[in-house]
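So the sequences go chain by chain: A and B. Counting along the first sequence from 1, when you hit position 77 you're at 77 in full-length UniProt numbering, and nothing is skipped either side. Counting along the second sequence from 1, when you hit position 96 you're at 96 in full-length UniProt numbering, and nothing is skipped either side. All C-beta atoms, glycine included, are put in the ideal place defined by N, C-alpha and C. As structure tokens, the structure follows; a few thoughts come after it.
2 protein chains.
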Amino acid sequence: MTATPSPPPATVPAPGSADDWLRLDQQVCFTLNAASRAFNGVYRVILKDLGLTYPQYLVMLVLWEHGTLPVKKLGEHLRLDSGTLSPLLKRLETAGLVRRERSARDERSVEVRPTEEGTALRRQALEVPLRIAAATGFEVEEIRELSAVLQRLTTALDAAAAAAEGTAEGA
Amino acid sequence: MTATPSPPPATVPAPGSADDWLRLDQQVCFTLNAASRAFNGVYRVILKDLGLTYPQYLVMLVLWEHGTLPVKKLGEHLRLDSGTLSPLLKRLETAGLVRRERSARDERSVEVRPTEEGTALRRQALEVPLRIAAATGFEVEEIRELSAVLQRLTTALDAAAAAAEGTAEGA
DNA sequence: CGCAATTTAATTGCGCGCAACCAAATGGCT
DNA sequence: AGCCATTTGGTTGCGCGCAATTAAATTGCG
């Protein structure tokens, strides 16, 4: 009882106590973060054949679905800003999968267009979702439910962050 | 209607088709990723007062719960390796929240111990989970369920990744 | 004891994610 | 026309997250 400076009790905290909240919180944020990284790990393995990282795969998904898009629109779809997208798109261009060209009508805008090679890559990517779904071991319906919950969560969190920023600053 | 080079159909693909799978998959991985980043954003705002980033907060959580730990054990708790933890712990040490000292018994091991200041920070951190929970707008039971699902998902994904790596390499 | 295999951290390199700042182009306004 | 706020990307800096490599200490074995 003498040489232990500050070891918190190893017992389970009482439900409803602040310690319990801390533990619960650790689970929510941590499990989400861990799941996200676990997903990333599986994608890393599967996407290695396509020469894409996971964020690059997301960009190509959007381009395959919507065709040529300015960086701004791309960022809105993916919830990413130019600080992330600019270098990423340069790498995709170096890889020969997209081309970036200034819009003629609005010189501020940069149109991102999949190249022939980038479009062709779509065929190889079609099997990716199946392999991912298999890796999760989840039923389709379960995945749909999870996605819905996560979307609701993201919306709530974004609103809360915006509100917190709003109250912090003068707005 | 003439100058659109390769715009994929904007219609909703038939359920069960490969296109539908692609879209569904996009939702699973993307919503998870987006939720994780949204969480990070809320934590960034709330933890700014404590001078911690979110991963640093996770490290302090583990230290508050378990007391002094070697880097290895810390990494097991958080699913992180030394490549991530080493610089992070150095920053925490610079901030005066932890001390790193070589174990006397095993010179390979580095014991991470919260300082007085680091331990004191726990009191300020106690209110964080409440604010986070409020930001989600979720009920406690709902959070618990979501956590359970995500844990199951992470376990399945890790197993799948390990299996994929195992078959890829000679093992 | 001497030597090889294992364990444990640290380091390096690369890519994302985001805040902060900057530059160019646009549009509205007088 | 001239001026100013807004829009749009780019750049920089910093902190993860992870793979790969390196170094040091420990363990096991003959």
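Please list the terminal residues of the continuous alpha helix (DSSP H) segment that includes residue i.
i: residue 178 (chain A); result: Here chain A comprises residues numbered 1 to 171, so residue 178 (chain A) is not present and cannot be evaluated.
i: R91 (chain A); result: 82-94
i: R131 (chain B); result: 128-136
i: L61 (chain B); result: 54-66
May I have the straight-line CA-CA distance separating residue i from residue j, to the nearest angstrom?
i: I46 (chain A); j: A156 (chain A); result: 32 Å
i: residue 179 (chain B); j: G41 (chain B); result: Past the boundaries of the shown model lies residue 179 (chain B); chain B is included only from 1 to 171, so the question cannot be answered.
i: L80 (chain A); j: P55 (chain A); result: 10 Å
i: residue 194 (chain A); j: L88 (chain A); result: Only positions 1 to 171 of chain A appear in the structure, and residue 194 (chain A) is not among them; the question remains open.
i: A160 (chain B); j: A135 (chain A); result: 5 Å
i: R99 (chain A); j: E142 (chain A); result: 38 Å
i: R108 (chain A); j: T53 (chain A); result: 28 Å
i: L153 (chain A); j: A148 (chain B); result: 16 Å
i: D49 (chain A); j: Y43 (chain A); result: 10 Å
i: G75 (chain B); j: H66 (chain B); result: 13 Å
i: E117 (chain B); j: R91 (chain B); result: 14 Å
i: H77 (chain A); j: S103 (chain A); result: 19 Å
i: D25 (chain A); j: T119 (chain A); result: 43 Å
i: A133 (chain A); j: Y57 (chain A); result: 16 Å
i: residue 204 (chain A); j: W64 (chain A); result: Residue 204 (chain A) cannot be examined here, being either before or after the span of chain A that is shown, 1 to 171.
i: S82 (chain B); j: N33 (chain A); result: 18 Å
i: M60 (chain B); j: A38 (chain A); result: 22 Å
i: T31 (chain B); j: R23 (chain A); result: 24 Å
i: G96 (chain A); j: C29 (chain A); result: 37 Å
i: D158 (chain A); j: R131 (chain B); result: 14 Å
i: S86 (chain A); j: G51 (chain A); result: 18 Å
i: A164 (chain B); j: V62 (chain A); result: 27 Å
i: Q27 (chain A); j: Q27 (chain B); result: 23 Å
On the CB-based measure, 16 or more other CB atoms within 10 Å of its CB, does residue i come out buried or exposed?
i: T94 (chain B); result: exposed
i: E101 (chain B); result: exposed
i: T84 (chain B); result: exposed
i: S36 (chain A); result: buried
i: V140 (chain A); result: exposed
i: E145 (chain A); result: exposed
i: D106 (chain B); result: exposed
i: A162 (chain B); result: exposed
Which residue marks the beginning of the beta strand (DSSP E) containing residue i, and which one marks its end?
i: E76 (chain B); result: Here E76 (chain B) belongs to no beta strand (DSSP E); instead the alpha helix (DSSP H) covers 71-78.
According to DSSP, is residue i part of a helix, a strand, or is it coil?
i: E101 (chain B); result: strand
i: E107 (chain B); result: coil
i: P5 (chain B); result: The predicted model places P5 (chain B) with a pLDDT of 44, which falls under 50 and marks its position as unreliable, so this point remains unresolved.
i: Q151 (chain B); result: helix
The segment 62-77 of chain B / the segment 64-78 of chain A touching (three or more Cβ pairs under 8 Å):
no
The segment 103-114 of chain B touching the segment 127-135 of chain B, judged by at least three CB pairs closer than 8 Å:
no
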